[in-house]
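Participant: Chains as they are written, first to last, in this note's numbering: chain A, 849 to 1265; chain B, 594 to 822. Glycine included, every Cβ here is placed at the ideal spot set by N, Cα and C. So that we are looking at the same thing, I have put the structure below in structure tokens.
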């Protein structure tokens, strides 16, 4: 009853906050609730009949969580999950406040949560997940995670809380290093040797397990091209369509499918999973084509050197009109510099809060720059007002902060990134 | 006569993008009509004579590997330092040339012993670092959890930030320029890139002169450096 009262207070606080600032009611009531009843979160997530499962890693958490949720829902389960932005304790508590019924109960037979590496490791001691997916230890946000060993430590903390299954990336040497310390049974996913050998050597990971030393895979990406892939999960194979072009999406799909297979046991059908994966809506900013102000525009999100590399490499050569925007996501954008951007040839407008840094990044990789316009709104207006390119499609490459601002400014709705 | 700039440690010394300083040098040289190529040094047998060397920085777990790579290049580094060849070394890169590094976890890694300084653990500092170097400002983003003691010839005095921890940052000795600032630091501070390029061009009887391409990008560098926080 104490927790119920706490939730009621939280809901009132959210209403109050919304009156003050339209749409701004997310994180505030979480703080309120947690001050009153710190155990709210732990209690809420211990009462799902089919338990709690978590997904973490340097990149791909959001996509993999959504994929796992969709696969489970396609198997007729009702799943509670957190929106991508709510991956810290306060955000999670707010998500609870919004969805709890009058008696403080949450909908869903199970909860599948995306967990930020750092915040998740702090939160996880009070939670008891039955399964944890550990995706990768990559180079990401080096000002928050300057030492990848810290990230490995966080993922180890999260993984060790899992009581029945840990699903981890067998190509990732950091994750293999901590695999023996897991309490629960370890299942592995990875990329088929043939694909690794064919020119996808780095996979965005800090350290790779050499192919010859890799442990046997329970699931793997057997084939990949552009926006389709073939997965093997345990004994079955299936072709799937990906929500966006990129090998990392196929790897995320393999991870999600393997996790679902462990959770559902004999009830798992790879065909059903494949259907769910293939009909996932493209997530905004992941190579999704949108019509804006009468023009077709491709939007691509950039989060680290690996994704920047992949996105740049995927652009058709000679793409005429590119807007590149770098925002306030990270204080130190230096870690983007190892990406190879020469293939971009030229960028029409460089924008965002870090426009000048982005201009340096591009220029020093021999990319011609049309103009630097730090004001993102002005840059978007100018870019969209240009006549349609004679070849290709207008393309926007942006970091998460610039993406959010772009979506807001252009009034674009759709699934959150 | 193509000038050769080494970028040392793709796997273990480029966590913070510091090897891309070599790219900054190469592009500025290309815009000035001076042929420059960058050469990756990732294995002991890839050490060679170079016109300039860039040592980057990496995470603690990678230090033993980085140290081994530098040890394999000991002769090259010693000759370079004797001959005044520019060696730009960022953070762990210059720390590894000293006596030893003790990490936050308490692991001690011996340095190459080329210099008397050592580094030991301290509170992590991240943020804007401004160092005054011979009347000019060097701006970078520092991100480290060690302090360096025993530097007899620092690069400059700290105006903003922590640097080595005693009011100075880095080390300067002959051609060695040791700094804590990431960025890559030469991208934010083209004056230093030009100083290095001037030196190595002159060694080969070439004149390095920045032009309009440099001016445009240097305007951006000023703005980008001002925004480091």
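1. To which residues of the same chain is residue 1038 of chain A closer than 7 Å at the C-beta, ignoring the five residues directly before and after it?
2. Run through the DSSP bridge pairs and tell me what residue 1012 of chain A is partnered with.
3. Which of helix, strand or coil does DSSP assign to residue 829 of chain B?
4. Helix, strand or coil for residue 1026 of chain A per DSSP?
5. Between which two residues does the beta strand (DSSP E) holding residue 929 of chain A run?
6. Kindly list the residues whose CB is nearer than 7 Å to the CB of residue 777 of chain B, restricted to its own chain and excluding five residues on each side of it in sequence; keep chain order.
7. Please report the straight-line C-alpha distance between residue 818 of chain B and residue 724 of chain B, rounded to a whole angstrom.
8. At the 7 Å Cβ level, is residue 1171 of chain A part of the contact set with chain B, yes or no?
9. Mind pulling the chain A residues with CB within less than 9 Å of residue 775 of chain B?
10. Assign residue 1169 of chain A to one of three DSSP states: helix, strand, or coil.
11. Just reading off the alpha helix (DSSP H) that residue 714 of chain B is part of, what are its end residues?
12. At least one CB of chain A closer than 7 Å to the CB of residue 653 of chain B: is that the case?
13. Starting from the C-beta of residue 680 of chain B, find all residues in its chain whose C-beta is less than 6 Å away, skip the five residues before and the five after it, and write them out in chain order.
14. Is residue 997 of chain A close to chain B, meaning its C-beta is less than 7 Å from at least one C-beta of that chain?
15. Start and end of the alpha helix (DSSP H) containing residue 781 of chain B?
16. Nearest to residue 1052 of chain A by CA position, among A:1084, A:1194 and A:1187, is which residue?
17. In terms of residue numbering, what span does the beta strand (DSSP E) encompassing residue 703 of chain B cover?
18. Can you confirm whether residue 872 of chain A, when its beta carbon is compared against all beta carbons of chain B, has any partner nearer than 7 Å?
19. At a cut of 8 Å, does the segment 721 to 737 of chain B reach the segment 691 to 701 of chain B through at least three beta carbon pairs?
20. Below 8 Å on the Cβ atoms is my contact criterion, and I expect residue 985 of chain A with residue 1022 of chain A to pass it. Report the Cβ-Cβ distance as a whole number of Å.
21. Any C-beta of chain A within less than 8 Å: which residues of the segment 707 to 729 of chain B qualify?
22. Quick one: which residues of the segment 615 to 647 of chain B get their C-beta closer than 9 Å to a C-beta of chain A? List them in chain order.
23. Nearest to residue 1123 of chain A by alpha carbon, out of A:1166, A:1076 and A:1151?
24. My output table needs one value for residue 643 of chain B: the three-state DSSP class, helix, strand or coil.
25. Using 8 Å as the threshold, is the segment 1230 to 1243 of chain A in touch with the segment 600 to 608 of chain B, meaning 3 or more CB pairs across them?
26. Flag residue 789 of chain B as yes if its beta-carbon sits less than 7 Å from any beta-carbon of chain A, otherwise no.
27. Using a Cβ-Cβ distance cut-off of 7 Å, determine whether residue 613 of chain B contacts chain A.
28. Could you pull the start and end residues of the alpha helix (DSSP H) that residue 1162 of chain A belongs to?
29. Does the Cβ of residue 620 of chain B have 16 or more other Cβ atoms within 10 Å, making it buried, or fewer, making it exposed?
30. Is residue 970 of chain A helix, strand or coil by DSSP?
31. Would you say residue 793 of chain B lies against chain A (beta-carbon separation less than 7 Å)?
32. Around the Cβ of residue 797 of chain B, are there at least 16 other Cβ atoms within 10 angstroms (buried) or fewer (exposed)?
33. At 8 Å on the CB atoms, spell out the chain A contacts of residue 782 of chain B, in chain order.
34. Provide the residue span of the alpha helix (DSSP H) that contains residue 922 of chain A, from first to last.
35. Just to confirm, are residue 1204 of chain A and residue 816 of chain B a CB contact at a threshold of 7 Å?
36. Applying a beta-carbon distance threshold of less than 7 Å, which residues of chain B neighbour residue 1143 of chain A?
Facilitator: On the basis of the coordinates in this document:
1. 1017, 1018, 1019, 1062, 1065 and 1068
2. For residue 1012 of chain A, which the question treats as bridged, DSSP gives no partner whatsoever.
3. The requested residue 829 of chain B does not occur in the structure, where chain B is confined to residues 594 to 822.
4. helix
5. 927 to 929
6. 610, 611, 613, 614 and 617
7. 12 Å
8. no
9. 990, 1180, 1182 and 1183, listed in chain order.
10. coil
11. First-last for residue 714 of chain B: 711 to 726, but that is the beta strand (DSSP E), not the alpha helix (DSSP H).
12. yes
13. 646, 673, 768 and 769
14. yes
15. 778 to 781
16. A:1187
17. It spans 701 to 703 - the beta strand (DSSP E) in which residue 703 of chain B sits, taken as one unbroken run.
18. Bear in mind that a pLDDT of 45 at residue 872 of chain A, under 50, signals an unreliable position, so the model cannot answer this.
19. no
20. 4 Å
21. 717, 719 and 720
22. 616, 617, 619, 620, 621 and 623
23. The shortest Cα separation from residue 1123 of chain A among A:1166, A:1076 and A:1151 belongs to A:1076.
24. coil
25. With the cut-off at 8 Å, the segment 1230 to 1243 of chain A and the segment 600 to 608 of chain B do not touch.
26. no
27. For residue 613 of chain B, the nearest CB of chain A lies under 7 Å from its own CB, placing it at the interface with that chain.
28. 1153 to 1162
29. buried
30. helix
31. no
32. The residue in question, residue 797 of chain B, is exposed, as its Cβ has fewer than 16 Cβ neighbours within 10 Å.
33. Here the premise fails: no neighbours, minimum Cβ distance about 11 Å.
34. 909 to 922
35. yes
36. Per Cβ cutoff of 7 Å: no residues; residue 1143 of chain A is ~28 Å from chain B at best.
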